[in-house]
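S.K.: Here the numbering used here is used: the first residue of the sequence shown is 6, the next is one more, and so on.
From the three backbone atoms N, C-alpha and C, an ideal C-beta is built for every residue, glycine too.
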Amino acid sequence: MENICFCCKAETDQHKLIKCCVCKNDYKHTCVGLTLNDVKTISNKSGLSFTCTNCAIIGKDINELKALIAELKNEVTQLKLQKSVSSQTLSNDTFEEVVQEAKQETEHLILRVKSDNQHHQKTNFRTMFQPEVVKPFIIINVFNTMQILSGTYIIVFYAVDILSHVQGVEHIDHFLAAVLTACVRFIFTIIASFLLVLIGRRTLAMISGLGTAISALCLGTFLHQNCQGNDYVSALLVLIYVATNTVGFMILPGVMLGELFPAKIRGLAGGLTFMLFNFILFGVAKVFPFVRGIVGVSGVFWIFGISSLIASMFLYLTLPETKSKTLSQIEDYFHQENFFVD
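Next up, the structure:
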């Protein structure tokens with residue numbers, strides 16, 4: 006039998022060849038990077054063997070494949086265990102009841118969407134008299150009226166005139182004082198946008214209403230008593246009044262308009278609401294100079310405080326919490342017979 010190298014196919018002396026222990030092919034020592042001494046050592050000593058490059062690569066790939074298969078088996082086992090645990094949990098929590106509730110809610114939403122689509126073109130003023138529309142319409146417009154009377158916009162329109170009669174601010178440039186109150190309003194409007202995400206609408210309304218009422222009543226009393234030597238107190242009360250009024254009362258009407266009215270009537274109801282709001286605001290703004298001349302600045306802030314207190318009580322009794330609720334849930338709530346919050 007010829008001694009031929011499997012790699013270079015050349016005839017070679019037997020002592021220059023070395024056999025791969027895997028594929029059993031003979032390789033010339035120079036083809037595999039060995040010396041004659043290496044060949045002699047491997048051939049004579051037991052426990053030593055030679056593996057060609059091809060067999061070594063294949064063996065490495067096989068080992069990696071085995072490791073990958075073992076890893077996949079472990080993952081499959083873990084998935085089976087998780088599936089088993091989850092199926093047991095679902096069975097304990099009455100899986101069928103959960104599925105039925107989900108189906109019923111889905112069917113309810115589908116029917117509502119179909120109904121809204123069918124009557125979309127038929128929306129008219131008669132829709133305004135449905136319970137889910139009348140109740141939020143009353144709540145929003147009563148609140149808008151009390152918000153105007155609490156001075157939310159009056160303090161903006163007549164800032165210079167009002168501040169010129171407030172002790173502690175009268176020595177400051179009145180236009181600069183008006184700019185400072187506007188800056189406070191701007192800052193607390195930004196703060197309110199974050200509070201809308203963090204706390205509920207009712208909580209925000211109570212904080213704003215009570216804060217506005219307390220600061221306005223205290224300021225009115227302070228001005229009525231004509232306290233001397235405490236000019237900074239009145240200035241501080243003005244800033245607190247503006248801040249607390251802005252953080253809730255100023256932004257809530259827009260939020261309520263988008264959350265309380267059903268989608269099918271929101272455009273019409275929102276238009277009527279804004280019409281009434283601007284009509285009332287126009288009247289109050291025109292009457293304010295005459296009222297201030299009669300009751301004075303202290304009386305004006307008493308009116309602001311009492312109106313804020315009434316608005317807070319009204320919202321506490323009628324405004325449901327709408328944070329984290331869907332529009333369908335809110336509409337279902339107003340469709341019930343109750344008007345006051347349970």
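So, at 7 Å on beta carbons, what are the nonlocal neighbours of T323 in its own chain, with the 5 sequence-adjacent residues on each side left out?
M.R.: So the list reads I144, F344, F345, V346, once near-sequence residues are dropped.
S.K.: Roughly how many angstroms separate the alpha carbons of V171 and V302, rounded to a whole number?
M.R.: Going from the Cα of V171 to the Cα of V302 covers about 8 Å.
S.K.: Could you tell me the distance, in whole angstroms, from the CA atom of Q126 to the CA atom of I256?
M.R.: For Q126, the predicted structure reports a pLDDT of 48, less than 50, and the residue's modelled location is therefore unreliable. The matter cannot be settled from this model.
S.K.: Are the region 217–234 and the region 185–193 in contact at 8 Å, needing three or more beta carbon pairs?
M.R.: Taking 8 Å as the limit for Cβ pairs, the verdict is that the region 185–193 does not touch the region 217–234.
S.K.: May I have the straight-line CA-CA distance separating Y338 from E137, to the nearest angstrom?
M.R.: Those two C-alpha atoms are separated by around 8 Å.
S.K.: Run the CB neighbour count on F199, radius 10 Å, all protein chains shown included, and call it buried at 16 or more, exposed below.
M.R.: The residue in question, F199, is exposed, as its Cβ has fewer than 16 Cβ neighbours within 10 Å.
S.K.: Candidates G263, G288, R297: which alpha carbon is nearest K330's?
M.R.: Nearest option by C-alpha distance: G263.
S.K.: Would you kindly report the start and end of the unbroken beta strand (DSSP E) that includes K33?
M.R.: Counting along the chain, the beta strand (DSSP E) containing K33 begins and ends at 31–33.
S.K.: Going by beta-carbon coordinates alone, are S317 and A218 separated by less than 8 Å?
M.R.: Their beta carbons are under 8 Å apart, which means S317 touches A218 by this criterion.
S.K.: Where does L324 sit, in a helix, a strand or coil, going by DSSP?
M.R.: Note: L324 maps to coil in three-state DSSP.
S.K.: Is the region 248–255 touching the region 138–158 in the sense that three or more CB pairs, one from each, lie closer than 8 Å?
M.R.: Contact between the region 138–158 and the region 248–255 is present, because at least three Cβ pairs lie under 8 Å.
S.K.: So, with DSSP's three-state summary, where would you put K24?
M.R.: Strand at K24.
S.K.: Smallest Cα separation from A164: which of I153, V184, R207?
M.R.: Among I153, V184, R207, the Cα nearest to that of A164 is on V184.
S.K.: So, under 8 Å CB-CB, I299 and L154 are touching, yes? Tell me the CB distance rounded to an integer number of Å.
M.R.: Contact doesn't hold; Cβ gap of about 16 Å is too wide.
S.K.: Rounded to whole angstroms, what is the Cα-Cα separation between K29 and N8?
M.R.: Taking the straight line joining both Cα atoms gives about 13 Å.
S.K.: Can N149 and F319 be called in contact, C-beta distance under 8 Å?
M.R.: Taking 8 Å as the Cβ cut-off, N149 and F319 do not qualify as a contacting pair.
S.K.: For the alpha helix (DSSP H) containing D178, name the first residue and the last one.
M.R.: No alpha helix (DSSP H) contains D178, which DSSP labels as neither H nor E.
S.K.: Can you grab the Cα-Cα spacing for the pair I23 / N79, in whole Å?
M.R.: I23 and N79: Cα-Cα distance of roughly 41 Å.
S.K.: Should M280 be labelled buried (16 or more other beta-carbon atoms within 10 Å of its own) or exposed?
M.R.: By the 10 Å Cβ count, M280 comes out exposed.
S.K.: In this structure, does DSSP put I9 in helix, strand or coil?
M.R.: If DSSP states are grouped into helix, strand and coil, I9 belongs with the strands.
S.K.: At the level of alpha carbons, what is the spacing between I195 and S213?
M.R.: Those two C-alpha atoms are separated by around 15 Å.
S.K.: In this structure, does DSSP put Y163 in helix, strand or coil?
M.R.: In this structure, Y163 counts as coil in the three-state DSSP scheme.
S.K.: Closest to I311 by C-alpha separation, out of L242, P294, L209, L215, would be which residue?
M.R.: Of L242, P294, L209, L215, the residue nearest in Cα terms is L215.
S.K.: Cα-Cα, which of I335, T132, T208, G304 is closest to L265?
M.R.: Residue I335 is the option with its Cα nearest to L265.
S.K.: Quick check on the DSSP output: the alpha helix (DSSP H) that includes A210 runs from which residue to which?
M.R.: Counting along the chain, the alpha helix (DSSP H) containing A210 begins and ends at 206–229.
S.K.: Note down, in chain order, each residue of its chain lying with its Cβ closer than 8 Å to the Cβ of T186, except the 5 sequence neighbours on either side.
M.R.: Closer than 8 Å at Cβ, skipping near neighbours: I160, A164, L168, V243, L244, V247.
S.K.: Looking at the secondary structure, which residues open and close the alpha helix (DSSP H) in which D347 lies?
M.R.: Note, D347: premise wrong, no alpha helix (DSSP H); not H, not E.
S.K.: Reducing DSSP to helix, strand and coil, say where Q126 ends up.
M.R.: Confidence is the limiting factor: at Q126 the pLDDT is only 48, short of 50, which leaves the residue's position unreliable, though a coordinate-based value still follows. Q126 falls in the helix class under three-state DSSP.
S.K.: Rounded to the nearest angstrom, how far is the Cβ of M133 from that of F142, given a contact under 8 Å?
M.R.: M133 to F142, Cβ: 7 Å. Contact.
S.K.: Sorry if obvious, but does the Cβ on A182 come closer than 7 Å to a heavy atom of the ligand HEM?
M.R.: For the structure depicted, the ligand HEM is absent and the ligand set is empty, with no information on it obtainable.
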